[in-house]
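Sequence order for the protein chains is A and B.
According to this note's numbering, the residues represented by the first sequence are 3 to 374, in order.
According to this note's numbering, the residues represented by the second sequence are 58 to 189, in order.
All residues carry an ideal CB built from backbone N, CA and C; glycine is no exception.
Model, not experiment: these values are computed from the prediction.
Let me begin by presenting the structure, written as structure tokens, before commenting on it.
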Amino acid sequence: MNLLRVLRSVFVVALIFASAPLVLGHHEPLAKFDDKKPLRIRGVVSLVDWRNPHAHVFVNVKTGEQVSNWAVELESPIDLEANGWSKTTIQAGDQIAVTGIAARDGSRQILGKTVVMASGKPIFTVNVMPPPMPLSPQPTPKWPDGQPKLGSVSGGVQGYWAFPSATALVENGVSAPMDEWGLLKNIGDASKVAPMQPWALQLYKERQQRFLRDDPMYLNCKPPGGPRQFELGHGVQFVEDRVRQRIFVLIGSGNNNYRIVYTDGRSHQGQVGGDDENPLFYGRAVGKWQGDTLTIDTRGFNEDFWFTNGGLPHTDQLKLIEKISRPNLDTLKYDLTVDDPGAYTRPWSATWTLRWVAGKEMPRHLCQENRS
Amino acid sequence: MKRLVFALLMTASVFAAPASAQEGHPLKGSWLGTWTGNKIHGNDVLLVLSWDGKNITGTINPGTDNIAVKNATLNPEGWLVHIEADAKDKSGQPLTYTIDGKIENLPLANRVITGTWKDSHGDTGAFKIGRQ
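Here it is as structure tokens:
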């Protein structure tokens, strides 16, 4: 069988896999790549760059007598390793075929949806599935005083919260289809997403029309303050420090930061690291248990970040009321009310859930060198 | 003195780390630039603007001229900016400035407002300020 026939069969396999759902990434891929420009390349691997935030495979593609080097962008090593791949899965000299979509700027880059060896073996495909729900819900784990545990269960079994049922803010009751990064399928739905003031709506539309490419979380490693930390792919973890009366929210995505929710009755004023004159990425959060629900009141945000996937604007007048509950072992319910008279015409709410990922440590994705 | 302060500000801005974009209301913040040909208040201008959810407020050349912004609007359709401010000329007579411009490079850290200024004495010129 000559090389041409091998590669022809490879592309048949590749086309089959091309219909597979795109996996989670760390930024809106359409900011950089154009889904209207499908592309296939084949060639010889010259280098594998296995690093955050995305692995890259460089491929020498021969066209006639000319050889050009292409960059194939893949998922992060975290996601690839979770699916069984390693940096030695393919190596320099391997023949591969790649299907994907081309870069918007015409550069020799491709977002790899499938990578297939010349032998026909598919590699670097990632399928992220939520853990299966038990047939019958297991009870909410509780502290000895009956207060729900938001973190790990008794016996030291680790876990974290991920797989949010919504990955961008939309007002409750509104249907505005969007992808997992908050990019609207139809820009005409923009005004339905939330009750925005005219300037905020126009800004939101322009961010959307630029495919979210200006997102400061990806451009500058700005923290995912506000509800965004509960929308991201690598989840969150609660560490409840009951002695010091505070809850740490560890964030798996973004710049791998944490947020502190004080439950000791202090006010928003005079908190460590911030006061009224020093607005913060995570604001100043005070929490209070009301029955089985933790209600968090956060204010004092700065305006240097996007508080949600999709680019809804906010101002420093933003106040958030988050109601967090754990109705059973595997479910975290997140109810949010956004009150920002600087950007919205009235307070509005959104609700979603996260899934408990038992027995696993939260992935440690790091935004590095202003790339995420 | 005013020119010295401005020169120091300009020097500081050159050596400062690149600003990140301000992601809230597009006009909010400090703006530095020029209103070319302004014989009364000089060529250089500093503008500090704020947004309370309903109104844009601010001051032109705070600390030196302290010209309060009387009226300011932002039309999101085209990001058109209109600013009016009452000042005094060198003889102490009332003087009204009107600035009309447009925000450019809105999503970027180096967004600018370009347009024209004019005053009630009939002087006019180019106006350009950049977000600091």
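Item to complete: Output, in sequence order along the chain, the residues in the region 105 to 125 of chain B whose CB is closer than 7 Å to any CB in chain A.
Response: W108, G110
Worksheet item: Can you list, in chain order, the residues of its chain whose CB lies under 7 Å from that of A/E363, leaving out five sequence neighbours each side?
Response: Q160
Worksheet item: From the DSSP output, which residues share a beta bridge with A/K325?
Response: According to DSSP, A/K325 bridges with A/T297, A/D337.
Fill in: Contiguous beta strand (DSSP E) assignments of at least 3 residues, all confined to the region 78 to 134 of chain B
86 to 92, 101 to 108, 113 to 117, 124 to 132
Worksheet item: How far does the alpha helix (DSSP H) with A/W358 in it reach, from first residue to last?
Response: Careful: A/W358 lies outside any alpha helix (DSSP H), inside the beta strand (DSSP E) at 350 to 360.
Practice prompt. If I'm right that A/W354 touches A/D332 with Cβ under 8 Å, what's the distance once you round it to whole angstroms?
Written response: Contact check for A/W354 and A/D332: beta-carbon distance about 15 Å, past the 8 Å limit, so the pair fails to qualify.
Worksheet entry | Candidates A/V172, A/N257, A/K290, A/Y264: closest to A/F283 by CA position | A/N257
Item to complete: Rounded to whole angstroms, what's the CA-CA distance from A/P23 to A/M180? Just pull it up for me.
Response: Unreliable positioning characterises A/P23 in this predicted model, as indicated by a pLDDT of 33, which lies under 50. The coordinate reading is nonetheless provided below. Taking the straight line from one Cα to the other gives about 15 Å.
Worksheet entry | Touch test, the region 103 to 114 of chain A against the region 260 to 267 of chain A, Cβ-Cβ under 8 Å, three pairs minimum | no
Discussion item. Which residues does DSSP list as the beta-bridge partners of B/A166?
Written reply: Answer by DSSP bridge pairing: none, since B/A166 is not bridged.
Worksheet entry | Where A/P23 sits in the DSSP three-state scheme | Caution applies to A/P23, whose pLDDT of 33 falls short of 50 and renders its modelled position unreliable; the value that the coordinates give is listed next. Three-state DSSP puts A/P23 in coil, outside helix and strand.
Fill in: Close beta carbons around B/T181, own chain, < 7 Å, minus the five adjacent residues each side
Counting only Cβ-Cβ distances below 7 Å, and skipping sequence neighbours, we find T173, W174, K175.
Practice prompt. Please name the residue in A/D299, A/E77, A/A33 whose C-alpha comes closest to that of A/W52.
Written response: A/E77
Worksheet item: Going along the chain, which residues of the region 281 to 305 of chain A sit with their C-beta nearer than 8 Å to a C-beta in chain B?
Response: E305
Fill in: Interface partners of B/Q189 on chain A, CB under 7 Å
Within 7 Å of the CB of B/Q189, no CB atom of chain A is found; the nearest one sits about 14 Å away.
Fill in: Under the three-state DSSP convention, the category A/D96 falls into
coil
Discussion item. Quick check on A/E83: does DSSP put it in helix, strand or coil?
Written reply: Three-state result, A/E83: helix.
Worksheet item: Which parts of the region 197 to 223 of chain A are runs of the alpha helix (DSSP H), unbroken and 4 residues or longer, counting only runs that do not cross its ends?
Response: 200 to 211, 218 to 221
Item to complete: Can you give me the start and stop residues for the beta strand (DSSP E) that A/S48 sits inside?
Response: 35 to 51
Discussion item. DSSP three-state label for A/F309, please.
Written reply: coil
Discussion item. Between A/D216 and chain B, is any beta-carbon pair separated by less than 8 Å?
Written reply: yes
Worksheet item: Is the beta carbon of A/H367 sitting closer than 8 Å to the one on A/H270?
Response: no
Worksheet item: To the nearest angstrom, how far is it from the Cα of A/T65 to the Cα of A/D37?
Response: 24 Å
Worksheet item: Ends of the alpha helix (DSSP H) at A/V238?
Response: It is not in any alpha helix (DSSP H) - A/V238 instead sits in the beta strand (DSSP E) that spans 238 to 243.
Practice prompt. List the whole-angstrom C-beta distance separating A/G114 from A/E75, where the pair is believed to meet the contact cut-off of C-beta under 8 Å.
Written response: 6 Å
Item to complete: Measuring only between beta-carbons, confirm whether B/L131 sits less than 8 Å from chain A.
Response: yes
Worksheet item: When burial is assigned at 16 or more other CB atoms within 10 Å of the CB, is A/L26 buried or exposed?
Response: A caution first: A/L26 carries a pLDDT of 49, below 50, which makes its placement in the model unreliable, though a value can still be read off. By the neighbour-count rule (16 or more Cβ atoms within 10 Å), A/L26 is buried.
Discussion item. Can you tell me whether A/W291 is buried or exposed? The criterion is at least 16 other CB atoms within 10 Å of its CB, across all chains shown.
Written reply: exposed
Item to complete: Would you please verify whether the beta carbon of A/R209 is less than 8 Å from any beta carbon of chain B?
Response: For A/R209, the answer is yes, since a Cβ of chain B falls inside 8 Å of its Cβ.
Worksheet item: So what does B/K145 bridge to, in DSSP terms?
Response: B/P151
Practice prompt. Please say whether A/V241 and A/G153 have beta carbons closer to each other than 8 Å?
Written response: yes
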